[in-house]
Amino acid sequence: MTIWISILLGFFMANVLGYGGGPASIPLMYEEVVNHYRWLTNGEFSNMLALGNALPGPIATKIAAYVGYHVYGWTGLFLALFAAVFPSAVALILILKVIQRHRQSVVVKGMTLFVQPVIAVMMLVLTWKMGEDSIASLGIWQSLGIALLSFLALVKWKVHPALLIVAAFAYGGLILPHIK
Numbered sequence: 007m008t009i010w011i012s013i014l015l016g017f018f019m020a021n022v023l024g025y026g027g028g029p030a031s032i033p034l035m036y037e038e039v040v041n042h043y044r045w046l047t048n049g050e051f052s053n054m055l056a057l058g059n060a061l062p063g064p065i066a067t068k069i070a071a072y073v074g075y076h077v078y079g080w081t082g083l084f085l086a087l088f089a090a091v092f093p094s095a096v097a098l099i100l101i102l103k104v105i106q107r108h109r110q111s112v113v114v115k116g117m118t119l120f121v122q123p124v125i126a127v128m129m130l131v132l133t134w135k136m137g138e139d140s141i142a143s144l145g146i147w148q149s150l151g152i153a154l155l156s157f158l159a160l161v162k163w164k165v166h167p168a169l170l171i172v173a174a175f176a177y178g179g180l181i182l183p184h185i186k
């Protein structure tokens, strides 16, 4: 299979099945990019995801653009973006018409409520995989300390996630090299 078909299929599948937007698409993209096609390593995906979350815009398109360019240059970038955006745009138009017509339906309400725990589990599995890499490279105590501090910053002190990501980059680039 040629690389451009792989790019189209990989991002098409991840985005068509990623009901719920970026949080649902990220684990599916991870599966395609890291496990299936092996375009990036787990660590490279984690770094790209962290940087992508610090930038404005939808995360799925940023992942597609980066990986597409990484794999096949400018052509790969445009193919990946097309595969990531086009199916969602068409599905949005079609599904919204149906949902608007049947928004009070018990079936429609049940479908949307049932998907939420599935997305939560997918995000937990992705977090676990990324956490394993963090523990392997930083150690258990430093990883737990950073996780606890991040949790407090987000929940208790209401720090914007982008600022937290920038702080983590600064810590990793300026302080961590002097600790190891």
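Be aware that the sequence shown starts at 7, since it is given in this note's numbering, and climbs by one per residue. For each residue, glycine too, the CB sits at the ideal point set by N, CA and C.
Worksheet item: Are the Cβ atoms of Leu-75 and Leu-83 separated by less than 8 Å?
Response: Translated into positions along the sequence shown, residue 75 becomes position 69. Translated into positions along the sequence shown, residue 83 becomes position 77. Position check: residue 75 holds Tyr in this sequence, whereas Leu was assumed. Cβ atoms of Tyr-75 and Leu-83: closer than 8 Å.
Item to complete: Alpha carbon to alpha carbon, how far is Ile-99 from Arg-107? Give it in angstroms, no decimals.
Response: What you label residue 107 is simply residue 101 of the sequence shown in a count that begins at 1. What you label residue 99 is simply residue 93 of the sequence shown in a count that begins at 1. Roughly 13 Å separates the two Cα atoms.
Fill in: Reference His-42; option with closest CA among Asn-53, Ser-12 and Leu-57
As a first step, residue 42 is located in the sequence shown; it is residue number 36 there, counting from the start. When only C-alpha atoms are compared, the closest one is Ser-12.
Worksheet entry | Three or more C-beta pairs below 8 Å linking the segment 46-63 and the segment 115-127 | The segment 46-63 is not in contact with the segment 115-127.
Worksheet item: Any idea if Ile-146 is buried or exposed, counting beta-carbon neighbours within 10 angstroms, 16 or more meaning buried?
Response: Locating residue 146 in the sequence shown gives position 140, where the first residue counts as 1. Classification for Ile-146: exposed.
Worksheet item: Straight-line CA distance for Ile-152 to Lys-68?
Response: As a first step, residue 152 is located in the sequence shown; it is residue number 146 there, counting from the start. As a first step, residue 68 is located in the sequence shown; it is residue number 62 there, counting from the start. Rounded to the nearest angstrom, the two C-alpha atoms are 25 Å apart.
Item to complete: Give the DSSP-derived three-state secondary structure of Gln-148 in the structure shown.
Response: Residue 148 sits at position 142 when you count from the first residue of the sequence shown. Gln-148 carries a helical assignment under DSSP once its states are collapsed to helix, strand and coil.
Worksheet item: Nearest CA to the CA of Val-101: which residue from Met-117, Met-35 and Leu-180?
Response: Here residue 101 refers to the residue found at position 95 of the sequence shown. In the sequence as displayed, the identity of residue 101 is Ile instead of Val. From the listed residues Met-117, Met-35 and Leu-180, the smallest Cα separation to Ile-101 is found for Met-117.
Worksheet entry | When Asn-21, Phe-51 and Gly-137 are compared against Arg-87, the one with the closest alpha-carbon | Position 81 of the sequence shown, counting from 1, holds the residue named residue 87. Residue 87 is actually Leu in this sequence, not Arg. For the residues Asn-21, Phe-51 and Gly-137, the minimum Cα distance to Leu-87 belongs to Asn-21.
Worksheet item: Considering only residues of the segment 152-184, which uninterrupted alpha helix (DSSP H) runs meet the minimum length of 4 residues and lie entirely inside it, listed in chain order?
Response: Complete alpha helix (DSSP H) runs here, min 4: 167-176.
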